[in-house]
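Sequences listed follow chains A and B, in order.
Sequential numbering of the first sequence, starting at 1, is according to the numbering used here.
Sequential numbering of the second sequence, starting at 1001, is according to the numbering used here.
The beta carbon of each residue, even a glycine, is placed where N, CA and C say it ideally should be.
Model, not experiment: these values are computed from the prediction.
Heads up, the thing below is written out as structure tokens.
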Amino acid sequence: MIVAENVPSEDAERHTQLLRGALDMCLLALLAAEPSHGYELVRRVEAAGFGAVSYGTIYPLLTRMRRLGLVTDEQQASPSGPPRKVYALTAPGRARLDAWQRQWNRFADTVAAVLATSDTSPRS
Amino acid sequence: MDTIDSVLSAADQAWRAHGVRPADRAVLAADLRGDLEAAVADGARPQELIGPDVAGFARRLADEAGVRRHHPDHARLFSTTLIGAAVGAVLGYELLGAFFPLVMRFVDFPDETRVPLSLALAVYYGIPAAIVVASAVLAVRWRLRDLHRVRETCRAMALLLPIAGLLVTPVVMGFAWATGYSTDPIVVAFEVAMVMAALTGATYLARRWALRERPGAVAAPPLSAAGPRAA
Chain A
1 MIVAENVPSE
11 DAERHTQLLR
21 GALDMCLLAL
31 LAAEPSHGYE
41 LVRRVEAAGF
51 GAVSYGTIYP
61 LLTRMRRLGL
71 VTDEQQASPS
81 GPPRKVYALT
91 APGRARLDAW
101 QRQWNRFADT
111 VAAVLATSDT
121 SPRS
Chain B
1001 MDTIDSVLSA
1011 ADQAWRAHGV
1021 RPADRAVLAA
1031 DLRGDLEAAV
1041 ADGARPQELI
1051 GPDVAGFARR
1061 LADEAGVRRH
1071 HPDHARLFST
1081 TLIGAAVGAV
1091 LGYELLGAFF
1101 PLVMRFVDFP
1111 DETRVPLSLA
1121 LAVYYGIPAA
1131 IVVASAVLAV
1141 RWRLRDLHRV
1151 RETCRAMALL
1161 LPIAGLLVTP
1171 VVMGFAWATG
1181 YSTDPIVVAF
1191 EVAMVMAALT
1201 GATYLARRWA
1211 LRERPGAVAA
1221 PPLSAAGPRA
1231 A
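Below you can see the structure in the form of structure tokens.
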């Protein structure tokens, strides 16, 4: 379960379901903006406003995206601590992100249109 | 379980139980160790990062990494299916033995009514067969509830076991006819073995079906509560 800030507990499950369908795309988008190591990505997901999503969720997902060639990793030296495996988007990852983004936008537009219809329909 | 070593030890146990090969276990562990060490350097604690279910995390990680597994699960799956089916067979025929006379006593067909033989056979053998299938599926669902994709496996079993039953029945009947409906223990054992082989084969196919890779699917794994906030 995801614990989002400012999200009432009764909405948490719905929030989780919404994020479940979008988390991989959001990870690709965050990595497109800036390569990150695993734990840093966890913090960036939280900072983006999704609430707390665990490392135990994100790390396996990163592993899958790496297997599919959507992200690549590279060991980089760190000034504070051990070398870090930094994940970055690949060209196929960029293409997949673009496709998913278009699909998401179409979907969001459709949902918005449906909701707008419900806003303007007469109430009994 | 507060150290990277203890987390990795628990993960390794889970990978062994999950059928991950030693070479793949070593790669997964090395990757995870590197990432955990970097996180710990940022102030995180391994146990808080992974959460209490290290085994679940490890299994998910292995699956997402796409490592090839050998399948120690199969022995448990097949034995559970066959035990469940055997219990169901006993239960089904006991129930039929108990209720059939009652049904015959209370359902008073008019004399001119003739129940088609095929319908009678379908009811007489179909009910125990349905109980056998249900019992096998429920046994797997309950006993192997920690098995990866057990729900999908059970759904596939519920479809494939009846098909296997329908296919093997004429074969067994033909064999019985060919042997003069012998009750010789060897003949009966061979007939039972044919049924068991059919059920095992259907279970194997159901498992493969449940574990099939869906091309292009990059679904998010189950979301779980976060570990520590940023250090």
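- Message: Residues in the same chain with beta-carbon distance under 7 Å from B:Leu1144, minus the five sequence neighbours each way, listed in chain order, please.
- Response: Arg1076, Leu1077, Thr1080 and Val1150
- Pairwise C-alpha distance: A:Phe107 and B:Gly1043: The alpha-carbon atoms of B:Gly1043 and A:Phe107 are separated by roughly 39 Å.
- Message: DSSP three-state label for A:Leu89, please.
- Response: strand
- Any C-beta of chain B under 8 Å from that of A:Thr110: no
- Query: Can you tell me where the beta strand (DSSP E) with A:Val71 in it begins and where it stops?
  - Reply: Where A:Val71 is concerned, the enclosing beta strand (DSSP E) stretches over Val71 to Gln76.
- Which residues, taken in chain order from the segment 47-59 of chain A, show a beta carbon closer than 7 Å to some beta carbon of chain B? Ala52, Val53, Ser54, Tyr55, Gly56, Thr57 and Tyr59
- Message: So for B:Val1067, helix, strand or coil by DSSP?
- Response: Coil, per DSSP.
- Message: Between the alpha carbons of A:Gly38 and B:Ala1039, how many angstroms are there, rounded?
- Response: Annotation: A:Gly38 to B:Ala1039 spans about 8 Å, alpha carbon to alpha carbon.
- A:Ala52 (DSSP reduced to helix, strand or coil): strand
- Given a cut-off of 8 Å, decide if B:His1018 and B:Ala1085 are closer than it, judged by their beta-carbon atoms. no
- For the segment 1133-1209 of chain B, list the beta strand (DSSP E) runs that are entirely contained and at least 3 residues long, ordered along the chain. none
- Could you give the distance in angstroms between the alpha-carbon of A:Gly21 and the alpha-carbon of A:Gln103? 12 Å
- Would B:Arg1198 pass as a contact of B:Glu1152 if the rule is Cβ separation under 8 Å? One detail in the question is off: residue 1198 of chain B reads as Ala in this sequence, not Arg. Going by C-beta atoms, B:Ala1198 is not nearer than 8 Å to B:Glu1152.
- Message: Quick check on DSSP: helix, strand or coil for A:His37?
- Response: strand
- Message: Can you give me the C-alpha to C-alpha distance between B:Thr1183 and B:Thr1200, rounded to a whole angstrom?
- Response: B:Thr1183 and B:Thr1200 have their C-alpha atoms spaced approximately 24 Å apart.
- Step through the CB atoms of chain A and report whether any lies within less than 8 Å of the CB of B:Ala1011. no
- Of all the alpha helix (DSSP H) runs that stay within the bounds of the segment 1008-1041 of chain B, which reach a length of 4 or more residues? 1022-1041
- Task: State whether the segment 1044-1051 of chain B contacts the segment 1003-1013 of chain B, with contact taken as three or more CB pairs (one from each stretch) at a distance under 8 Å.
- Result: yes
- Near-chain B residues of the segment 69-85 of chain A (beta-carbon distance less than 9 Å), N- to C-terminal order: Within the segment 69-85 of chain A, the qualifying residues are Leu70, Asp73, Gln75, Ser78, Ser80, Gly81, Pro82, Pro83, Arg84 and Lys85.
- Query: What's the gap between the Cα of B:Gly1174 and the Cα of B:Thr1203?
  - Reply: 24 Å
- Delimiting residues of the alpha helix (DSSP H) encompassing B:Leu1049: Pro1046 to Ile1050
- Alpha-carbon to alpha-carbon, B:Leu1117 and B:Ala1134: 25 Å
- Task: With DSSP collapsed to three states, give me the class of B:Arg1212.
- Result: coil
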